[in-house]
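Input: a single structure, listed below in structure tokens.
Number of protein chains: 4
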Amino acid sequence: MAAQKSAPKSEAPAPSSTRRSEKSRRAIYDAALALVVEVGYPRTTIEGIAARAGVGKQTIYRWWSSKAEVLMEAFLDLGEEAAKAAGDEPYAIPDTGDLAADLKGVLRATIDQMTDPRFDAPARALAAEGLVNEALSREYVAKLLEPSLQLYVARLRTAQEAGDVRPDVDPRIALELFVSPLAQRWLQYTGPISYEYTDTLVDYALHGLAPRAR
Amino acid sequence: MAAQKSAPKSEAPAPSSTRRSEKSRRAIYDAALALVVEVGYPRTTIEGIAARAGVGKQTIYRWWSSKAEVLMEAFLDLGEEAAKAAGDEPYAIPDTGDLAADLKGVLRATIDQMTDPRFDAPARALAAEGLVNEALSREYVAKLLEPSLQLYVARLRTAQEAGDVRPDVDPRIALELFVSPLAQRWLQYTGPISYEYTDTLVDYALHGLAPRAR
Amino acid sequence: MAAQKSAPKSEAPAPSSTRRSEKSRRAIYDAALALVVEVGYPRTTIEGIAARAGVGKQTIYRWWSSKAEVLMEAFLDLGEEAAKAAGDEPYAIPDTGDLAADLKGVLRATIDQMTDPRFDAPARALAAEGLVNEALSREYVAKLLEPSLQLYVARLRTAQEAGDVRPDVDPRIALELFVSPLAQRWLQYTGPISYEYTDTLVDYALHGLAPRAR
Amino acid sequence: MAAQKSAPKSEAPAPSSTRRSEKSRRAIYDAALALVVEVGYPRTTIEGIAARAGVGKQTIYRWWSSKAEVLMEAFLDLGEEAAKAAGDEPYAIPDTGDLAADLKGVLRATIDQMTDPRFDAPARALAAEGLVNEALSREYVAKLLEPSLQLYVARLRTAQEAGDVRPDVDPRIALELFVSPLAQRWLQYTGPISYEYTDTLVDYALHGLAPRAR
DNA sequence: CTCTAACCGAGACGGTACGTCCTGTCTTGTG
DNA sequence: CACAAGACAGGACGTACCGTCTCGGTTAGAG
Chain X
1 MAAQKSAPKS
11 EAPAPSSTRR
21 SEKSRRAIYD
31 AALALVVEVG
41 YPRTTIEGIA
51 ARAGVGKQTI
61 YRWWSSKAEV
71 LMEAFLDLGE
81 EAAKAAGDEP
91 YAIPDTGDLA
101 ADLKGVLRAT
111 IDQMTDPRFD
121 APARALAAEG
131 LVNEALSREY
141 VAKLLEPSLQ
151 LYVARLRTAQ
161 EAGDVRPDVD
171 PRIALELFVS
181 PLAQRWLQYT
191 GPISYEYTDT
201 LVDYALHGLA
211 PRAR
Chain F
1 MAAQKSAPKS
11 EAPAPSSTRR
21 SEKSRRAIYD
31 AALALVVEVG
41 YPRTTIEGIA
51 ARAGVGKQTI
61 YRWWSSKAEV
71 LMEAFLDLGE
81 EAAKAAGDEP
91 YAIPDTGDLA
101 ADLKGVLRAT
111 IDQMTDPRFD
121 APARALAAEG
131 LVNEALSREY
141 VAKLLEPSLQ
151 LYVARLRTAQ
161 EAGDVRPDVD
171 PRIALELFVS
181 PLAQRWLQYT
191 GPISYEYTDT
201 LVDYALHGLA
211 PRAR
Chain D
1 MAAQKSAPKS
11 EAPAPSSTRR
21 SEKSRRAIYD
31 AALALVVEVG
41 YPRTTIEGIA
51 ARAGVGKQTI
61 YRWWSSKAEV
71 LMEAFLDLGE
81 EAAKAAGDEP
91 YAIPDTGDLA
101 ADLKGVLRAT
111 IDQMTDPRFD
121 APARALAAEG
131 LVNEALSREY
141 VAKLLEPSLQ
151 LYVARLRTAQ
161 EAGDVRPDVD
171 PRIALELFVS
181 PLAQRWLQYT
191 GPISYEYTDT
201 LVDYALHGLA
211 PRAR
Chain S
1 MAAQKSAPKS
11 EAPAPSSTRR
21 SEKSRRAIYD
31 AALALVVEVG
41 YPRTTIEGIA
51 ARAGVGKQTI
61 YRWWSSKAEV
71 LMEAFLDLGE
81 EAAKAAGDEP
91 YAIPDTGDLA
101 ADLKGVLRAT
111 IDQMTDPRFD
121 APARALAAEG
131 LVNEALSREY
141 VAKLLEPSLQ
151 LYVARLRTAQ
161 EAGDVRPDVD
171 PRIALELFVS
181 PLAQRWLQYT
191 GPISYEYTDT
201 LVDYALHGLA
211 PRAR
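Chains as they are written, first to last, in the numbering used here: chain X, 1 to 214; chain F, 1 to 214; chain D, 1 to 214; chain S, 1 to 214.
Okay, structure coming up:
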């Protein structure tokens, strides 16, 4: 027999197939998200997901390598579904010409999202797993976090062109001044979260802590 | 209203005793910290800690309620020991009169600490557990994080008195402008960490993103 | 009252399955019997059986509810295997026409068996457990003891037909006159066991303690 | 090195002392007996006895080597107390001249005793432990069983003198013909126990199974 | 329009760790 | 110095999941 049968083979998770059951995939996503919300991430088990989804354990292990992977895909899928439902539009930060107001508005919307357990529970779970699993974290950042942050980058660049932000400022760093504090308060319970708080962050970030020169 | 005498205190872990074995406690701390560094938090088990410490499992369960609690106390103790060894002094941020330089210095030292696996591994583990366990997180924040942050508060207040920070700025929020971004990059691998990066954070925070008025 | 169709049967052990591993079952039997012989019943643990059999603990708990149950089935199986090997025949007490001789012969063989640790150890263990666990004891009696005793019943009935035993005697009680004393000496160490002793029992039982009328 | 300090020393259980607390000893007996009746022998633990007796565990370990030893002494003590209360008399089998009647009466009384859980539970427990622990069993037999059996020996000897039992019969063996069957039915649940049953045993034993010669 | 390989639900399997219970030893303070 | 109290190292308990492995039964898509 000549050359080896099939070339690519890739040791990646998927045995690749068109015969994959769409119904099972959806049931697994739903079960995983529901369990994380209902019983919490540590008590969410692969066996539990399989049972709730009415699926064999092997069907999970065939397509994913860990419960974190399952949850990640389920959460990504959730986001896509939500975007599809919302009509796809708000894939950008509004630009009314008033940078401060635009940023405050987006941050307020972010707070609202953090309050919804359907978002909060899986997002925290993935973040928690990521703290201790760098590979997963990088996937999380690349697929979920960074795309959102790039919206801020875009808006800040526009602001630079408009002269509202100093041209020497690196937007990718700049956005962290107001995004990271909110993220930390949210994830680590380091302080209360409110519209007033995020408004203040934007003001401090834009105008600085030091007094303006006379 | 008269002052209440003494709070009933925590109901939980300690059966209270002077007969507690100091030797075992230390062995447990050492084992827990070593295991987290060597095999990672998820593979650190109570059974493993007990075995490594040469201790019965019950001795752990008698005094703590979870591996996270053990690690928390071990990590706190580690900090105290380190402080004791260091001679207790550097419990404040230096004040050379140059606020920017002082902050940059402390942040650089923080980066160095984040690089040390003996600090990084348990700190991440506790943060990860906290993401998903609010009570633990609040303890973590109260005992470990907030005290450190208060050092920044103190330094910023001094700066306000010196006229280097606007008087209407809330220092507790202000410090987040440069501390939270670093924390997020560290914990979530959202970007590279370097002295240059933290220096930039301080500059942006102090002077703001917006151009200075003429 | 009409006859009920079929009893609901035992509710307990088996999740019922054809997928059960025959290899594991045998390994568990072997391990249980070996451990009881080697280290004694109280020091035989389910954990030990599992380890020795190269089996997960759950595989034992899935099919049995206690180490006594395991040992019971292992011991029953041992008997069946032995019977299979022996060619099935000696499922009856010999009938040479001489009742006394036949009984003495069987009792001597019983003594030999009691001397073999492979029989003695598990049999004692089951008896001991049964003393304190009526349900188990009844199972032990029904499956192991009573079938053996019925062989005596059969032989005594034949003897009654031959006129060697009074017709008004209840064979089920009669057999106890010589079987129970041996059992008690064996199990409780209440006296020495010898061929002479069992011969004497048979003689006393057949002819009585009282002097024969002239 | 001079001569060893104290001579006798005996590795036996008791450190020997007059300072021993009588109150504790009684409380331990009471607790042990009560627990065996209430929760059964296997669930009776030394810790449980100590707690119920209001006694430190060490006080038990100081004077006994196992829960079986404790129970043995407690049970012996129970017998002595009962005898003391009953006025000490019935330390012999009655002799009315009618051997059969006397034996039947004693066996009926024995049945009554076996029915009382305060006797049944500890007696079974000790028997069970003895099956698997020869040393304990020998102690049990020597201190509890054999003394009772010797009463039968005495009565049978009297009967031999009176011509009611053949002179060549060994009374120690003879008594087993009716005592052991009852014991086995009691301990192993091999059959129902009734006055009629024991009466039958006595008749069979005295007159034999074989037909009387013509 | 079969045939057959992959996926599917189900769940037994060898394992690991859990958190609890008890053992027998030890230590601490009281009477 | 016996005692109550109870911490300690150790080890078994019975349970819950892990990730792997059959076992039929569907269910395509290649022949």
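Every residue gets a Cβ at the ideal spot worked out from N, C-alpha and C, and that includes glycine.
These numbers come from a predicted model, not from an experiment.
By how many angstroms is the C-alpha of residue j removed from the C-alpha of residue i?
i: His207 of chain D; j: Phe178 of chain D; result: 12 Å
i: Leu151 of chain D; j: Tyr91 of chain D; result: 8 Å
i: Tyr217 of chain X; j: Lys57 of chain F; result: Residue 217 of chain X falls outside the range modelled here, since chain X spans only 1 to 214, and no answer is possible.
i: Pro117 of chain D; j: Gly105 of chain D; result: 21 Å
i: Arg157 of chain S; j: Leu182 of chain D; result: 22 Å
i: Glu139 of chain D; j: Thr190 of chain S; result: 10 Å
i: Ser137 of chain X; j: Leu131 of chain F; result: 14 Å
i: Ala101 of chain X; j: Ser180 of chain F; result: 22 Å
i: Ser16 of chain F; j: Arg62 of chain F; result: 10 Å
i: Ser232 of chain X; j: Ala85 of chain F; result: Absent from the model: residue 232 of chain X. The displayed extent of chain X is 1 to 214, so no value can be given.
i: Leu187 of chain F; j: Ala123 of chain F; result: 9 Å
i: Val37 of chain X; j: Ala31 of chain X; result: 10 Å
i: Val169 of chain D; j: Arg108 of chain S; result: 21 Å
i: Gln113 of chain D; j: Ser21 of chain S; result: 48 Å
i: Pro211 of chain S; j: Ala162 of chain D; result: 11 Å
i: Ala83 of chain F; j: Gly48 of chain D; result: 48 Å
i: Ala159 of chain F; j: Glu176 of chain F; result: 16 Å
i: Gly79 of chain X; j: Ser66 of chain F; result: 34 Å
i: Ala135 of chain S; j: Leu145 of chain S; result: 14 Å
i: Gln184 of chain D; j: Arg25 of chain S; result: 32 Å
i: Thr217 of chain X; j: Ala68 of chain F; result: Since the first residue shown for chain X is 1 and the last is 214, residue 217 of chain X is missing from the structure and cannot be characterised.
i: Ser6 of chain X; j: Ile46 of chain X; result: In this predicted model, Ser6 of chain X has a pLDDT of only 37, less than 50, meaning its place in the structure is not dependable; the value taken from the coordinates is given anyway. Each residue's Cα considered, the two are about 32 Å apart.
i: Asp203 of chain F; j: Trp64 of chain F; result: 44 Å
i: Arg214 of chain X; j: Asp164 of chain X; result: Residue confidence for Arg214 of chain X is low, a pLDDT of 47 falling below 50, so the modelled location carries little weight; the figure read from the coordinates is stated next. For Arg214 of chain X and Asp164 of chain X, the distance between alpha carbons rounds to 20 Å.
i: Leu76 of chain F; j: Ala142 of chain F; result: 12 Å
i: Lys9 of chain S; j: Val55 of chain S; result: Here the model assigns Lys9 of chain S a pLDDT of 38, short of 50, so the residue's position is not dependable, and the following value carries that caveat. Spanning the two alpha carbons is a distance of roughly 26 Å.
i: Arg43 of chain D; j: Glu81 of chain D; result: 26 Å
i: Lys23 of chain S; j: Asp120 of chain D; result: 42 Å
i: Asn255 of chain F; j: Val39 of chain S; result: Given that chain F is displayed from residue 1 to residue 214, the structure contains no residue 255 of chain F and the question cannot be resolved.
i: Pro192 of chain F; j: Ile193 of chain X; result: 27 Å
Do residue i and residue j have their C-beta atoms closer together than 8 Å?
i: Ala205 of chain S; j: Leu209 of chain D; result: yes
i: Arg155 of chain S; j: Asp95 of chain S; result: yes
i: Val153 of chain F; j: Pro167 of chain F; result: no
i: Leu103 of chain X; j: Ile173 of chain F; result: no
i: Ala27 of chain D; j: Leu71 of chain D; result: no
Report, in whole angstroms, the separation of the C-beta atoms of residue i and residue j, which I expect to be a contact under 8 Å.
i: Tyr41 of chain S; j: Ala128 of chain S; result: 7 Å
i: Leu35 of chain X; j: Arg52 of chain X; result: 6 Å
i: Ile111 of chain S; j: Thr198 of chain S; result: 6 Å
i: Ile60 of chain F; j: Ala74 of chain F; result: Not a contact, Cβ separation roughly 11 Å.
What does residue i reach in chain X if we use C-beta pairs closer than 8 Å?
i: Thr200 of chain F; result: Asp170 and Ile173
i: Gly40 of chain F; result: Val132
Cβ closer than 9 Å: which chain F residues qualify as neighbours of residue i?
i: Arg212 of chain X; result: Arg166, Gly208, Arg212 and Ala213
Which residues of chain S have a Cβ atom closer than 9 Å to the Cβ of residue i, listed in chain order?
i: Arg124 of chain D; result: Leu131 and Val132
i: Pro117 of chain D; result: Under the 9 Å cutoff, chain S gives no residues; its nearest Cβ is about 13 Å from Pro117 of chain D.
So residue i contacts chain X; which residues on that side make the cut at Cβ distance below 7 Å?
i: Gln113 of chain F; result: Under the 7 Å cutoff, chain X gives no residues; its nearest Cβ is about 17 Å from Gln113 of chain F.
List, in order along the chain, the chain D residues whose C-beta lies closer than 9 Å to that of residue i?
i: Gly163 of chain S; result: Pro211
For residue i, which residues in chain D fall below 7 Å Cβ to Cβ?
i: Asp190 of chain S; result: Before going further, note that residue 190 of chain S is Thr rather than Asp in the sequence given. Near Thr190 of chain S (Cβ distances below 7 Å), the residues of chain D are Val141 and Leu145.
Please list, in chain order, the chain S residues whose beta carbon lies closer than 7 Å to that of residue i.
i: Leu187 of chain D; result: Leu131
With a floor of 4 residues, list each alpha helix (DSSP H) that falls wholly inside the region 26 to 113 of chain X, ordered by position along the chain. Taking only runs of at least 4 residues, the alpha helix (DSSP H) segments lying wholly in the region 26 to 113 of chain X are 46 to 53, 57 to 63 and 67 to 86.
Every unbroken alpha helix (DSSP H) inside the region 114 to 142 of chain D [4 residues or more]: 117 to 131 and 134 to 140, all fully within the region 114 to 142 of chain D.
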